[in-house]
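Numbering follows the numbering used here, in which position 79 of the sequence shown is assigned residue number 981; successive positions increment by one, without gaps.
First up is the structure itself, then whatever we jot down about it.
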Amino acid sequence: MRICVLGSGSKGNSTYVETEHSKILIDAGLSNKELETRLELLKINPNDIDAILITHEHSDHIKGVGQFAKKHNAKIFANRKSWDYISNKFDDIPTNCQIEFSGQDFWVNDLAVQTFDVDHDSLSCVGFSVVENNKRFTIATDLGHVTQNVVEKLKQSDFVVLESNHDIETLKKNPNYPYVLKQRILSNHGHISNDTCAETILQMLGYKTRAVLLAHLSEQNNSPSLALNTLNQKLLLNQIDSREMFFVDVANQNKPSNIFKLKNVE
Ligand SMILES: [Zn+2]
Ligand SMILES: [Zn+2]
903 MRICVLGSGS
913 KGNSTYVETE
923 HSKILIDAGL
933 SNKELETRLE
943 LLKINPNDID
953 AILITHEHSD
963 HIKGVGQFAK
973 KHNAKIFANR
983 KSWDYISNKF
993 DDIPTNCQIE
1003 FSGQDFWVND
1013 LAVQTFDVDH
1023 DSLSCVGFSV
1033 VENNKRFTIA
1043 TDLGHVTQNV
1053 VEKLKQSDFV
1063 VLESNHDIET
1073 LKKNPNYPYV
1083 LKQRILSNHG
1093 HISNDTCAET
1103 ILQMLGYKTR
1113 AVLLAHLSEQ
1123 NNSPSLALNT
1133 LNQKLLLNQI
1143 DSREMFFVDV
1153 ANQNKPSNIF
1163 KLKNVE
């Protein structure tokens, strides 16, 4: 399995996942044109995308979905509540592209997909675990808080994309953010901070995960170095050298991430 986060943050999210027989996007929150450009950087023909899985209906996750699905004939998988919103917003998505999932596992060719609920201030919000043979990738962003169920999904995964949205003090001091917006982000239904992300990673140590990509960083209230420093300090406090445990990297809003390859063991 190969995974690349094409873009991550409040200006648009999309992640590319490829197996032997399928090519999918998780979310399509960049414009159709930007999705095409970033896929072409990876030498992927957008027409080869089989499906787009939708986490939730916020525009930073669905902006390009209508145009991309229509132009490139990709199936869209979303749950009922997300569809209620998406089919209203994009009224010309071909019906044969609209597929509803309902909490049960489903398949996209050889790729098994599991969903899990996360608490976020949208109509509904899910994370995804995708499995090819014995390799598992999990993406969990837009988390109001981290439930034990989410931790269990992460612990079982070889590779994880996990939200590290903001530095709490930077957010609180930001003069450009109104009080209500700060309260929304900090609430149990908003986004998780660097501290919460680091505490979650501590709970994953010693299980399956070998690589973590920090994602959905706020451009104003965070930076890659702040997110990484928070994690490293937390690990140091617990006398853990993360380099021995797993590889950590940060996803970018403006360009694709590194490509992560999960090799199947025969
Ligand atoms: Zn959201
Ligand atoms: Zn988001």
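We put the beta carbon where it would ideally sit given N, CA and C, even for glycine.
- Message: I'd like to check one pair, His1022 with Leu1056: are the Cβ atoms closer than 8 angstroms?
- Response: no
- Query: Just to check, is the beta-carbon of Asp950 closer than 7 angstroms to a non-hydrogen atom of ligand 2?
  - Reply: no
- Message: Just to check my reading of the structure: Ile964 and Gly931 have Cβ atoms closer than 8 angstroms, yes? What is that Cβ distance to the nearest angstrom?
- Response: 6 angstroms
- Item | CB of Glu1170 within 8 angstroms of CB of Ser1024, strictly | Nothing can be reported for residue 1170: it is not among the residues displayed for the chain, which extend from 903 to 1168.
- Could you spell out the range, first to last residue, of the beta strand (DSSP E) harbouring Leu1116? 1113-1117
- Message: Taking its Cβ as the centre, do 16 or more other Cβ atoms sit within 10 Å of Val919, making it buried, or is it exposed?
- Response: buried
- Grab me the residues of Asp1097's own chain with a C-beta within less than 8 angstroms of its C-beta, minus the 5 sequence neighbours each way, in chain order. Ile1070, Thr1132, Lys1136
- Going by the beta-carbon positions, is the gap between Thr1072 and Asn1123 smaller than 8 angstroms? yes
- Just the Cα atoms here: how many angstroms apart are Asp952 and Val1010? 8 angstroms
- Among Asn1078, Arg1086, Gln1141, Ile1103, the one whose alpha carbon lies nearest that of Glu1121: Asn1078
- Query: Cβ of Asp1044 versus every heavy atom of ligand 1: is any distance shorter than 7 angstroms?
  - Reply: yes
- chain C contact for Val967 (CB, 8 angstroms cutoff): Absent from the structure: chain C. Only one protein chain is present.
- Bounding residues of the alpha helix (DSSP H) (the contiguous stretch that carries Leu1073): 1070-1075
- Query: Say the cut is 7 angstroms; is the CB of His958 nearer than that to a heavy atom of ligand 1?
  - Reply: yes
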